[in-house]
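1 is the number of the first residue of the sequence shown in UniProt numbering; add one for each residue after it.
Ideal Cβ placement from N, Cα and C applies to all residues, glycine included.
Note that the structure is predicted; figures quoted are calculated from it, not measured.
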Amino acid sequence: MNSSEEEDYEYDYDKTVSIIPLEELVPVSIVYSITLFLGVTGNSLVIFCILRYNRMRSITNILLLSLAV
């Protein structure tokens, strides 16, 4: 009992499909870039302050240091 069915359909390979429209992609990319920059800057400041100043080396700040890394 072999049966095979053929389905005929056409696909346009030249047509590009974008998941996110360009009008949404640009603002979202800008927001993500700003968030990344602020996050890296903030974490770098936390690391610098804890490593630079000895009085900042408490148990709580060491925990924050490990989270910033």
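Going by DSSP in three states, residue i sits in which element: helix, strand or coil?
i	result
V69	coil
R55	helix
E10	coil
P27	helix
Using 8 Å as the Cβ pair cut-off and three pairs as the minimum, do the stretch 21 to 29 and the stretch 39 to 51 touch? Touching, no, given that fewer than three Cβ pairs across the two stretches are closer than 8 Å.
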